[in-house]
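Peer 1: Counting from 1, position 114 in the sequence shown corresponds to residue 114 in full-length UniProt numbering; the numbering is continuous, with no gaps.
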Amino acid sequence: MNLQYFFHRQTGTLTYLVSRGSEAVLIDTVLDFQDGKIGFEPANEIIDVIRAKGLSLKYILETHIHADHLSAASYIRKQLGGKIAVGNKIEQVYKEWIDKLDSIPMADFDVKLDHHSVLDFAGTSIEIIDTPGHTPDSITYKIDDFLFVGDTLFSPARGTSRVDFPGGSASDLYQSIEKIYEFPDAYHIQLCHDYPDENEPPICDVTVGDEKATNIMLNKQSTERVYVENRLKRDAQLSLPKLIEVAVPFNLTHQLPAGIIINNG
Numbered sequence: 001m002n003l004q005y006f007f008h009r010q011t012g013t014l015t016y017l018v019s020r021g022s023e024a025v026l027i028d029t030v031l032d033f034q035d036g037k038i039g040f041e042p043a044n045e046i047i048d049v050i051r052a053k054g055l056s057l058k059y060i061l062e063t064h065i066h067a068d069h070l071s072a073a074s075y076i077r078k079q080l081g082g083k084i085a086v087g088n089k090i091e092q093v094y095k096e097w098i099d100k101l102d103s104i105p106m107a108d109f110d111v112k113l114d115h116h117s118v119l120d121f122a123g124t125s126i127e128i129i130d131t132p133g134h135t136p137d138s139i140t141y142k143i144d145d146f147l148f149v150g151d152t153l154f155s156p157a158r159g160t161s162r163v164d165f166p167g168g169s170a171s172d173l174y175q176s177i178e179k180i181y182e183f184p185d186a187y188h189i190q191l192c193h194d195y196p197d198e199n200e201p202p203i204c205d206v207t208v209g210d211e212k213a214t215n216i217m218l219n220k221q222s223t224e225r226v227y228v229e230n231r232l233k234r235d236a237q238l239s240l241p242k243l244i245e246v247a248v249p250f251n252l253t254h255q256l257p258a259g260i261i262i263n264n265g
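(1) Between the C-alpha atoms of residue 56 and residue 79, what's the straight-line distance to the nearest angstrom?
(2) By alpha-carbon positions, which one of 239, 212, 194 and 201 ends up nearest to residue 11?
(3) Would residue 226 be called buried (16 or more neighbouring beta carbons within 10 Å of its own) or exposed?
(4) With residue 131 and residue 149 assumed to form a contact (beta carbons below 8 Å), what rounded beta-carbon distance in angstroms separates them?
(5) Could you tell me whether the stretch 168-176 touches the stretch 101-110, where touching means 3 or more Cβ pairs closer than 8 Å?
(6) When you compare only the Cα positions, how much space is there between residue 5 and residue 217?
(7) Nearest by alpha-carbon distance to residue 69: which of 125, 192 and 81 is it?
(8) According to the neighbour-count rule (16 or more other Cβ atoms, all chains shown, within 10 Å of its Cβ), is residue 51 buried or exposed?
(9) Would you grab the beta carbon distance between residue 156 and residue 205 for me? Rounded to a whole angstrom, and I think it's under 8 Å.
(10) In three-state DSSP terms, what is residue 252?
(11) Under 8 Å Cβ to Cβ from residue 144, same chain only, skipping five residues before and after it: list those, please.
(12) Give the range of the alpha helix (DSSP H) segment to which residue 79 is assigned.
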């Protein structure tokens, strides 16, 4: 298995290209959105790499509906093919946001996954683990000994995801992270976000053992009661992501919400 990451510094988002033989999958893709303008450069960089390597894109995987960036899944599917896969609890997220969607229907996601789902990938399997808490639809993809966890966990020094979005739950997140901690210590956790200093590389790969031992919010010493109290206290101090009112509607419908003016300059 070959693994390559792409880092979108403006949103601190990590996208992963996983390939085996001639087949590839992408996990958590990104579009630029600044000053009212959509930019396709992050997606085009990945498209160029896939074409240069002669890979066939089988799946474009979403770990959840993101609130801090616009997904490039629909754009990449138009360029390269492949099926867009999401957690099946996206239906719940859509209902939570329906009043802000201007009657736009949900996007045509190709595959909706639950914890019983298995995706075939180059003769092996991608397993799905339900990991709700940050959002109801959050899922983790297991490929060999790599766990692509979305926003569920950050690097040990940064803790865990927030739970104050519609449908979020600190108790659910605690249970989800406990599921991840049941994997062998040597398993790799591929993070979806990091926020390094300018010109510093992101932390994209940590082990289950590292997180269990040193995660500042939830480690092997943590109890659910204390974690929930600390998580809710922390969330009360956070501002909403600056793109949430654009990103969530776009990522649910693959259309920009009404009232958003695109700057074509």
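Backbone N, C-alpha and C fix where the C-beta goes; we use that ideal spot for every residue, glycine too.
Peer 2: Reading from the atomic positions:
(1) In the sequence shown, residue 56 corresponds to position 56, counting from 1. In the sequence shown, residue 79 corresponds to position 79, counting from 1. Each residue's alpha carbon lies about 12 Å from the other.
(2) Looking up residue 11 in the sequence shown gives position 11. Closest by alpha carbon: 194.
(3) In the sequence shown, counting from the first residue as 1, residue 226 sits at position 226. With fewer than 16 other Cβ atoms inside 10 Å of its own Cβ, residue 226 counts as exposed.
(4) The sequence position of residue 131 within the sequence shown is 131, counting from 1. The sequence position of residue 149 within the sequence shown is 149, counting from 1. Residue 131 to residue 149, Cβ: 7 Å. Contact.
(5) no
(6) Locating residue 5 in the sequence shown gives position 5, where the first residue counts as 1. Locating residue 217 in the sequence shown gives position 217, where the first residue counts as 1. Cα to Cα, residue 5 sits roughly 26 Å from residue 217.
(7) By 1-based counting over the sequence shown, the position of residue 69 is 69. Minimum Cα distance to residue 69 is reached at 192.
(8) Locating residue 51 in the sequence shown gives position 51, where the first residue counts as 1. Exposed, by the Cβ-count rule.
(9) Working through the sequence shown from its first residue, we reach residue 156 at position 156. Working through the sequence shown from its first residue, we reach residue 205 at position 205. Between residue 205 and residue 156 the Cβ distance is about 12 Å, and since that is not below 8 Å, they are no contact.
(10) Here residue 252 refers to the residue found at position 252 when the sequence shown is read from its first residue. The three-state secondary structure of residue 252, taken from DSSP, is helix.
(11) Locating residue 144 in the sequence shown gives position 144, where the first residue counts as 1. Answer for residue 144: 1 and 124, listed in chain order.
(12) The residue labelled residue 79 in the question sits at position 79 within the sequence shown. Its alpha helix (DSSP H) spans residues 73-80.
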